[in-house]
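Everything in the sequence shown is counted per the numbering used here, starting at 73 for the first residue and increasing by one. These notes are about the structure you will find just below.
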Amino acid sequence: MIELANINKSFGQHQVLHEVTYLFDSGKVYGIVGENGAGKTTLFRCIAGLETASGSLKSDLEPLKNNLGYLTSDPYFLSKLTGEEYIYLLTDARGKQIKNLSERNIFELPLKEYASAYSTGMKKKLALTATLLQDNNYYILDEPFNGIDLQSSIILTEIILRLKAMSKTILISSHIFSTLKDTCDEILVLENGRISKSVKKEQFGDFEEEMKEKILQKDIDKLWL
73 MIELANINKS
83 FGQHQVLHEV
93 TYLFDSGKVY
103 GIVGENGAGK
113 TTLFRCIAGL
123 ETASGSLKSD
133 LEPLKNNLGY
143 LTSDPYFLSK
153 LTGEEYIYLL
163 TDARGKQIKN
173 LSERNIFELP
183 LKEYASAYST
193 GMKKKLALTA
203 TLLQDNNYYI
213 LDEPFNGIDL
223 QSSIILTEII
233 LRLKAMSKTI
243 LISSHIFSTL
253 KDTCDEILVL
263 ENGRISKSVK
273 KEQFGDFEEE
283 MKEKILQKDI
293 DKLWL
């Protein structure tokens, strides 16, 4: 469980998050959607303890940051760190001893090579593997499906569903609505730093049509003027 109450965050004079309040239950997957600049990544960084914010943030395991796996949309890797060393670095931080790493390399990554030389999709899969091997109770996955291949997308969907079955709390942002439909119990719409709508699973079909209608109100025919 993660409980947010009146979370506010500003950068200088610009307020990014406004009174964000929500309870994320254990054993559920929550999708966070919104246009670029709506505040999704800032909200994730506040939950992860990477940004300070006013308001209160509680979880049933404290401190939250020591039990949270955060997959950023664009993972960063030191230039002289191999994939294998990166995984050991992150798992050591959680006091986890990883044995038979080669057998747990489900994405078949070249773990002896420098991670900085990986492709975008390989970097995403490496960061995901390390985060999962930490065995966290809470997960934030910021655009986890971006840049990965179809086979890996299928694997990731199954991983998320298994984490849910293990009573983990999972927050996902994605611009690919089909991935949210396949994994989420609830979708929250973030607009201008506020949660404007909560959509339950049985409402996903109507919500998708509503989104399409809203988007297609823009006159795309102007592209061919």
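No residue lacks a Cβ here, since even glycine has one placed at the ideal position from N, Cα and C. Only a predicted model underlies this, so the values are computations on that prediction, with no experimental measurement involved.
Asked, Found
"Taking only heavy atoms of the ligand ZN into account, decide whether any of them is closer than 7 Å to the Cβ of N139.", "Because no ligand of any kind appears in the structure shown, any question about the ligand ZN cannot be addressed here."
"Counting only runs of 3+ residues fully inside the stretch 156–238, write out the beta strand (DSSP E) ranges in chain order.", "210–214"
"For L95, which residues of its own chain have a beta-carbon under 8 Å away from its beta-carbon, when the five flanking residues on both sides are left out?", "M73, I74, E75, L76"
"What is the C-beta distance between S224 and F179, in whole angstroms, given that I count them as a contact (C-beta under 8 Å)?", "6 Å"
"Below 8 Å on the Cβ atoms is my contact criterion, and I expect L243 with I79 to pass it. Report the Cβ-Cβ distance as a whole number of Å.", "Between I79 and L243 the Cβ distance is about 13 Å, and since that is not below 8 Å, they are no contact."
"Where do the N-terminal and C-terminal ends of the alpha helix (DSSP H) with T280 fall, by residue?", "This sequence places Glu at residue 280; Thr is not what is there. Its alpha helix (DSSP H) spans residues 276–288."
"Taking 7 Å as the limit between beta carbons, can you name the residues of its chain near K315, skipping five residues before and five after?", "Residue 315 falls outside the range modelled here, since the chain spans only 73 to 297, and no answer is possible."
"Using the Cα positions of D132 and I287, report the straight-line distance between them to the nearest angstrom.", "39 Å"
"What do you reckon, are the CB atoms on T124 and V88 nearer than 8 Å?", "no"
"Would you decide whether Q85 is buried or exposed? Buried here means 16 or more other CB atoms lie within 10 Å of its CB.", "exposed"
"In terms of alpha-carbon separation, which member of K236, Q289, D214, D257 lies closest to S145?", "D214"
"Count Cβ pairs between the stretch 226–246 and the stretch 199–212 that sit closer than 8 Å; are there 3 or more?", "yes"
"Ordered along the chain, which non-local residues of its own chain (more than five positions away) have a Cβ less than 8 Å from that of I220?", "G193, K196, K197, L228"
"With DSSP as the reference, label I119 as helix, strand or coil.", "helix"
"For T154, write down the residues that DSSP places opposite it in a beta bridge.", "Y186"
"According to the Cβ coordinates, are L260 and S250 closer than 8 Å?", "no"
"Where do the N-terminal and C-terminal ends of the alpha helix (DSSP H) with F249 fall, by residue?", "249–255"
"Could you check the C-alpha separation between K152 and A189 for me, to the nearest Å?", "10 Å"
"To the nearest whole angstrom, what separates the beta carbons of V92 and I267, a pair I think is in contact under 8 Å?", "6 Å"
"Give me the Cα-Cα distance between I44 and L129, rounded to the nearest whole angstrom.", "Only positions 73 to 297 of the chain appear in this structure, which leaves residue 44 out of reach."
"Would you mind working out which of T163, G111, P135, N139 sits nearest A202, comparing C-alpha positions?", "T163"
"Between S191, K81, G106, S98, which has its C-alpha nearest I119's C-alpha?", "K81"
"Do E156 and L173 have their beta-carbon atoms positioned less than 8 Å apart in this structure?", "yes"
"Taking all protein chains shown into account, do 16 or more other C-beta atoms lie within 10 angstroms of the C-beta of G167, making it buried, or fewer, making it exposed?", "exposed"
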